[in-house]
Ligand SMILES: [Zn+2]
């Protein structure tokens, strides 16, 4: 079934940048990764959060300061958007996404995964907001000056608290994907706005630290936030993940919160090396929709999962900004 898709997380921007260091640079319009605009055009509408992903080790990996990696990758991605403005336009709100869709265009929303590229500096967030950034994690898999990760443990630091407050003052959604359990609950102690997990599954269904416990998911719902279903095979099932495993995570979350208003997509496409059997790239969201319907999901909840809930959480973040 052709559905409009709003996906809260992908690593395509960094994939295009990494590729740019090779002889055959690939482009957003058509490439051999998970996401390109030609395949996204087969969906019934498309809004994609594109993460500028950085971690401190990029300084060694790319042999240049991580801040420079961030600047170059962002510059490269903005050029890609400009080159494809006949198909996709930047968006910073649900009304801009709607306006783009009315022109038959897809939408690109900028997000931060791991603020290493901005020096973990809350004072830079206001400029980022003005550039169109609307979501930020507090880190990736490392311990940093803001918080510990799901791999290291360790809660939110004082600077981390400042980072959360500044995001929420501006209307940037705080994203708990990758954070430690302690850091998650520290954020919940101080949050004034919806909190999202842009690309995290259920730990009850697949027991790994990157996934959310039932209590965590319910707390995200309580804030008015959302969790994005991640398609990385290892986060779905220990081995042999297929489309049914994706459905299992969806249905578990729906058991916890039958409203279905706090669940979205966050595929982690181009950020993971293995997808579930039956999912080849962004256009496979159509096949996943079919499987969810076959498994008994009603069309309204499917539409909420694929589109409405992510649009709604963007609206609720903006309201905080205007308080
Ligand atoms: Zn990630």
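In this note's numbering, the protein residues as written are 868 to 1190.
Cβ coordinates follow ideal geometry from the N, Cα and C atoms, glycine included.
Quick caveat, the model's predicted, so the values are computed rather than measured.
In summary, residue 975 is buried, with 16 or more beta-carbon neighbours lying within 10 Å of its beta-carbon over all protein chains present. Assigned with DSSP and collapsed to three states, residue 1014 falls in strand. CA-to-CA, the gap between residue 906 and residue 1150 works out to about 5 Å. The nearest non-hydrogen atom of ligand 1 is 7 Å or more from the C-beta of residue 894.
Taken through DSSP and simplified to helix, strand or coil, residue 1139 comes out as coil. Taking the C-beta atoms as reference points, residue 1130 is found no nearer than 8 Å to residue 1090. Set against 7 Å, the gap from the CB of residue 1044 to the closest heavy atom of ligand 1 is smaller. The DSSP-derived three-state label of residue 1149 is helix. Ligand 1 has a heavy atom closer than 7 Å to the beta-carbon of residue 1138. Shortest Cα-Cα distance from residue 1120 to any of 1038, 1086, 1108, 1057 involves 1086.
Residue 1066 has its Cβ nearer than 7 Å to a heavy atom of ligand 1. Here DSSP, grouped into helix, strand and coil, assigns residue 915 to strand. Straight through space, the alpha carbons of residue 1064 and residue 1124 are spaced by roughly 15 Å. Distance between residue 1127 and residue 1172, taken at the CA atoms: about 7 Å.
Here residue 911 is not near residue 965, since their CB atoms are 8 Å or more apart. Note on residue 1018: under 16 other CB atoms within 10 angstroms of its CB, so exposed under the neighbour-count rule. The segment 992 to 1070 contains, as complete alpha helix (DSSP H) runs of 4+ residues, the segments 992 to 998, 1025 to 1037, 1048 to 1057 (chain order). Residue range 872 to 877 is occupied by the beta strand (DSSP E) that includes residue 872.
When only Cα atoms are considered, residue 925 and residue 1142 end up about 25 Å apart. Secondary structure at residue 1105: coil, using DSSP grouped into helix, strand and coil. Around the beta carbon of residue 947, 16 or more other beta carbons lie within 10 angstroms, which makes this residue buried. Burial is judged here by how many other beta carbons sit within 10 angstroms of a residue's own beta carbon; residue 1095 has at least 16 and is buried. Straight-line measurement puts the Cα of residue 951 at about 11 Å from the Cα of residue 897. Between the alpha carbons of residue 927 and residue 949 lies a distance of about 30 Å. Restricted to the segment 936 to 984, the alpha helix (DSSP H) segments that are unbroken, complete and at least 4 residues in length are 961 to 969, listed in chain order. In its chain, beyond the 5 residues on either side, 868, 1166, 1169 have a beta carbon closer than 8 Å to the beta carbon of residue 1160. In this structure, the C-beta of residue 1135 approaches ligand 1 to less than 7 Å from one of its heavy atoms. Note on geometry: alpha-carbon atoms of residue 1050 and residue 1016 lie some 8 Å from one another. With a cutoff of 7 Å, residue 980 counts as near ligand 1, since its C-beta is closer than that to a heavy atom of the ligand. Ranked by how close their Cα comes to the Cα of residue 988, the residues 1117, 1032, 957 have 1032 in first place. For residue 1094, the enclosing beta strand (DSSP E) begins and ends at 1094 to 1096.
Looking at 968, 960, 877, the one whose alpha-carbon comes closest to that of residue 953 is 968. According to the DSSP assignment, residue 1110 belongs to the alpha helix (DSSP H) that extends over 1110 to 1123. Distances from the alpha-carbon of residue 909 to those of 979, 1074, 971 put 971 closest.
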